[in-house]
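In the working numbering, the protein residues as written are 25 to 701.
Below, the structure is given as structure tokens:
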């Protein structure tokens, strides 16, 4: 590993039913697919016994409230930091655009104009900004009048803001001991927990969080929310009983959660149990596939031949093994599809299995029906094998939909690198399954090559090693302050990396810990645009040629480039997809993308990566963050380093923050643990 002197750079992110023939938007297609899927889940359970332009002149509290709502909408930050992880964990990923060219990026279904006007009147009466009327219309004017704390259902609104709204509407009667406030804050806290990845919270943790929000008699507030059906309560037995302990009382963990995540986690456990238990024999086709298994991929192919669920772990190089599995299954006539989280991952894996048209689709495209094999009369996917790539990015709701979409007897392979950051939605599906040991786990022994592979492998086990990098594969650039960090990052992208490494500017990605601050994505993108594509930003701050990060929904990021702009909207190119973002959605869905956060970069790789670690980044660094950021580079990694000993300390000591989930408990009675493969 070489260290570059600080002064030279030489070495150096409801639907309706359409008329026949009408084009269905991606959002409508996925919502329809999810509705049908949930109906099928319920049938299975029964059988088995289930932007408004306003606010520009606001100031004070109203302006803060509007800014908070818009920041959450844009994915810039989570709704709150009550249960925050090292970086924002937004809501469940929404689908990418279908493989149509061009695809019009769908927006949320707009509420009726009358409903918006009614809500606007209530907001004005309560001193809240009119600019959130569209979002608040989903709550309803009558609901807000009767219970002003329901304003907390608008993403970005915090309890103190809802308190002010309630006082304006209710007067002196709006006190902290109001039962309505306790129930609303309980739900709000569970929503914040979901944004941080939890599918439920322990009762004690929820009570403490309520007390911090000024809710008196917090336990009673939770009981009220339970009795009103706002939240659900679970009593999960902890530990396993021995042969002579069947009659002994074991400890019980009391959890509280929201219905949507409870149903998803239960559905996922049911679906996984069904897949594991429905495979009773290999069958002739799978016998032939297993017989053809050779080399490092052979263990994976043989495991899949005999089991309904298999986990495969490894880095980028290990993708060759799922690719060999896909080829072997297809070679004996089995119906096999691989699914990636976005167009970049799809293209990367498709190249390994033979290019486009080889059965590699996106999660969104598969669930919506825009891509993939289609469904049979029962609504199940017409597949024998589904291989899910980048499986650590699966949140519990998406995983439930995928699993319940598979027919009895089908095989499911979840493949991914367990060292990367977890999903941006609730749950830790891949990690829970690895810990539960309910199916074979095949750990790839194929390391990522070269100095970069050696560096990242060490980080994965908590060691930040010095590695020999004779080809300048890894370069450390020390900096003293934020200004120097920005200057050196721009210099690396624009000059040093193209000249010394041979990687062009458009193939170099900057990764930094956050959006704000002197060295956040906003500051870096502004500096990089000024050097690489200066322009007036005629369309919402963007010009043709700008690198962008498009967010179909908070938490889902597609890197791309601005192709053009016209009256229809902003035309983007993202991973080979042509996408049109309507004018009204540009501000909330598109940001410049020369610099991304590690969460935005998950699932993508670039020939060269510049990771910027300013001095104030020390508090947010963790081993998964560093592992994810450093492993995005294929050929070259530059680290603009200003955190001194905080970097090795984070790698050695700061592991992933725990998430509270119920999946292992729900799986335990359905599937006995299996021996390690």
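Glycine included, C-beta positions come from ideal geometry on N, C-alpha and C.
Given a threshold of 16 other Cβ atoms within 10 Å of its Cβ, counted over all protein chains shown, does residue i qualify as buried or as exposed?
| i | result |
| --- | --- |
| residue 295 | buried |
| residue 682 | exposed |
| residue 215 | buried |
| residue 46 | Because residue 46 carries a pLDDT of 42, less than 50, the predicted location of this residue cannot be relied on, and the following value inherits that uncertainty. With fewer than 16 other Cβ atoms within 10 Å, it is exposed. |
| residue 621 | buried |
| residue 417 | buried |
| residue 179 | buried |
| residue 301 | exposed |
| residue 679 | exposed |
| residue 528 | exposed |
| residue 240 | exposed |
| residue 695 | buried |
| residue 177 | buried |
| residue 370 | buried |
| residue 159 | buried |
| residue 21 | The shown model of the chain, from 25 to 701, leaves out residue 21, and the question about it has no answer. |
| residue 600 | exposed |
| residue 372 | buried |
| residue 188 | buried |
| residue 233 | buried |
| residue 36 | Because the pLDDT of residue 36 is 38, which lies under 50, any placement of that residue in the model is unreliable, and the number read from its coordinates should be weighed accordingly. With 16 or more other Cβ atoms within 10 Å, it is buried. |
Span of the alpha helix (DSSP H) holding residue i?
| i | result |
| --- | --- |
| residue 427 | 420–428 |
| residue 604 | Element bounds for residue 604: not the alpha helix (DSSP H) but the beta strand (DSSP E), 601–605. |
| residue 247 | 242–251 |
| residue 475 | 474–484 |
| residue 166 | 165–170 |
| residue 391 | 387–392 |
| residue 206 | 203–219 |
| residue 458 | 453–460 |
| residue 140 | 137–149 |
Does DSSP put residue i in a helix, a strand or coil?
| i | result |
| --- | --- |
| residue 446 | coil |
| residue 684 | coil |
| residue 267 | With a pLDDT of only 49 at residue 267, under the threshold of 50, the placement of this residue in the model should not be trusted, and no figure is reported. |
| residue 679 | coil |
| residue 367 | helix |
| residue 590 | strand |
| residue 575 | strand |
| residue 192 | helix |
| residue 552 | helix |
| residue 658 | strand |
| residue 715 | Since the first residue shown for the chain is 25 and the last is 701, residue 715 is missing from the structure and cannot be characterised. |
| residue 595 | strand |
| residue 155 | helix |
| residue 383 | coil |
| residue 231 | helix |
| residue 50 | Note that residue 50 scores 48 on pLDDT, short of 50, meaning its location in the model is unreliable; the coordinates nonetheless yield the value given after this. Looking at residue 50 - three-state DSSP - the assignment turns out to be helix. |
| residue 650 | helix |
| residue 411 | strand |
| residue 256 | strand |
| residue 702 | No answer is possible for residue 702: it lies beyond the span of the chain, which begins at 25 and ends at 701. |
Taking 8 Å as the threshold (C-beta atoms), are residue j and residue i in contact?
| i | j | result |
| --- | --- | --- |
| residue 412 | residue 450 | no |
| residue 350 | residue 360 | yes |
| residue 445 | residue 657 | no |
| residue 570 | residue 585 | yes |
| residue 335 | residue 458 | yes |
| residue 225 | residue 280 | yes |
| residue 548 | residue 566 | no |
| residue 385 | residue 365 | no |
| residue 324 | residue 376 | no |
| residue 532 | residue 632 | yes |
| residue 257 | residue 237 | no |
| residue 469 | residue 693 | no |
| residue 664 | residue 512 | yes |
| residue 482 | residue 488 | yes |
| residue 543 | residue 618 | no |
| residue 589 | residue 597 | no |
| residue 168 | residue 140 | no |
| residue 260 | residue 277 | yes |
| residue 3 | residue 652 | Nothing can be reported for residue 3: it is not among the residues displayed for the chain, which extend from 25 to 701. |
| residue 453 | residue 434 | no |
Could you tell me the boundaries of the beta strand (DSSP E) in which residue i lies?
| i | result |
| --- | --- |
| residue 632 | 630–637 |
| residue 616 | 614–616 |
Task: beta strand (DSSP E) segments (min. 3 residues) lying fully within the region 272–358 - done: 276–281 and 333–337
Open item on the list: Quick check for students: name the residue ranges of the alpha helix (DSSP H) that lie wholly in the region 470–545, counting only runs of 4 or more.
Closed with: 474–484 and 506–515
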